[in-house]
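Beneath this line is the structure, given in structure tokens, with notes to follow.
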Amino acid sequence: MAMIRHDIPNLPPFRGEALPWIGGDLQTLKSTILGDAPRLSQQGEMLTLPLEDGDALTAMLHRPLEAKGVFIIIHGLTGCMDSHHVLQMAKAGLAQSYAVLRVNMRGAGPSASLSRRRYSAKSGADLLPFIRAMEQAFPDVPMMMVAHSIGGAAALNMMVDHGDELGGLNALAVVAAPLDLHDASTRFHHPRNQPYVQYMLKRLKAMAMAMPDLTPEQKALIKTCRSIRQFDDVMTAPMMGFQNADDYYTAGSTHQKLDHPQRPLLLIHGDNDSLVGDGALRALPPMKNRSVLISRGGGHVGFHDDQGPWLPRVILAWMKSFQG
1209 MAMIRHDIPN
1219 LPPFRGEALP
1229 WIGGDLQTLK
1239 STILGDAPRL
1249 SQQGEMLTLP
1259 LEDGDALTAM
1269 LHRPLEAKGV
1279 FIIIHGLTGC
1289 MDSHHVLQMA
1299 KAGLAQSYAV
1309 LRVNMRGAGP
1319 SASLSRRRYS
1329 AKSGADLLPF
1339 IRAMEQAFPD
1349 VPMMMVAHSI
1359 GGAAALNMMV
1369 DHGDELGGLN
1379 ALAVVAAPLD
1389 LHDASTRFHH
1399 PRNQPYVQYM
1409 LKRLKAMAMA
1419 MPDLTPEQKA
1429 LIKTCRSIRQ
1439 FDDVMTAPMM
1449 GFQNADDYYT
1459 AGSTHQKLDH
1469 PQRPLLLIHG
1479 DNDSLVGDGA
1489 LRALPPMKNR
1499 SVLISRGGGH
1509 VGFHDDQGPW
1519 LPRVILAWMK
1529 SFQG
């Protein structure tokens, strides 16, 4: 069994990295290299959900004939509803008659033209409208949110900051999320990760430059950024109401705030994730409503073993425990 920590033994374990995708980088990049994100055979319905500050969010809803549950799927940094990890989870859920909502956070995909701001680890409140919409559409079935990477950090902050507003949400599964943003920033900017940094930074700059009402001074600052941390310092932090990146990282870190989650919480991570470390997860003891799975291998939101993508298998198995 390729597991370092397996708090719920009846869930299917990661079976080890499948050849030739050995190592964290190849696990992370497999779908990018192959371009093998699945296509969904079922057409979806685009939803537009207004926010209180005048922005709006979009999401694609897929309805089976008779939904036995709902998955709300949140993408990672610079992603959208069409990210490969979102499509993998959506395809698996639809195959088992779950309704699926593929989310676009502020500035992502079709939400970009409807948003004056962009999303961050502190965008937890933005996820609440998706819960309310699914609660109204599917009132009598279990609902789970599955959130990846920085989207997972936002979902954790949603649970921490808005635990009394989660309505019909039954559970939250978070994959490869940075719990300690200070540590994540240091690890992410390790010299070996420069190709990732430059790729992400280019996309973040493009997302930011598309924001309306930017001043010439703001545009000039964005252009000068040479790291994600610099970008967070001049763009993300002030946009979210923080003085600088350090303040934002402190406020957005959840590793010391998860002792009493308002809903069952599953935290999934690979031990060779070169972008987000697992140290904060290893320090969390098992407790009611909070379980940790750390696999031996898997990379960052990769988890490709000899049976295909592991994440949909383990998350679907966990979902079944909430169906009574």
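Numbering-wise, the sequence shown is residues 1209 to 1532 according to this note's numbering.
Don't be surprised by glycine CBs; every beta carbon is placed ideally from N, CA and C.
Distance between residue j and residue i (C-alpha atoms, nearest Å)
i, j, result
"V1294", "L1335", "16 Å"
"H1390", "I1282", "22 Å"
"F1222", "G1232", "14 Å"
"P1337", "N1365", "15 Å"
"Q1451", "D1372", "28 Å"
"S1305", "H1270", "10 Å"
"A1491", "Q1251", "43 Å"
"H1398", "S1482", "9 Å"
"V1509", "L1429", "31 Å"
"Q1464", "Q1426", "33 Å"
Beta-carbon spacing of residue i, residue j below 7 Å
i, j, result
"R1310", "L1377", "no"
"A1345", "A1355", "no"
"G1460", "A1316", "no"
"G1506", "Q1296", "no"
"R1326", "R1340", "no"
"F1439", "L1412", "yes"
"G1478", "S1503", "yes"
"G1284", "S1357", "yes"
"I1523", "L1501", "no"
"M1353", "L1380", "yes"
"L1265", "L1273", "no"
"A1416", "P1220", "no"
Cβ neighbour criterion (16 or more within 10 Å) applied to residue i
i, result
"L1302", "buried"
"I1280", "buried"
"E1260", "exposed"
"M1495", "exposed"
"G1485", "buried"
Any non-hydrogen atom of the ligand ZN closer than 6 Å to residue i Cβ
i, result
"R1310", "Annotation note on the ligand ZN: not contained in the displayed structure, which lists no ligands."
Bridge-paired residues (DSSP) for residue i
i, result
"M1254", "M1268"
"V1500", "L1475"
"H1397", "For H1397, which the question treats as bridged, DSSP gives no partner whatsoever."
key: Contact the region 1504-1515 vs the region 1420-1428: 3+ CB pairs below 8 Å   = With contact defined as three or more Cβ pairs closer than 8 Å, the region 1504-1515 and the region 1420-1428 are not in contact.
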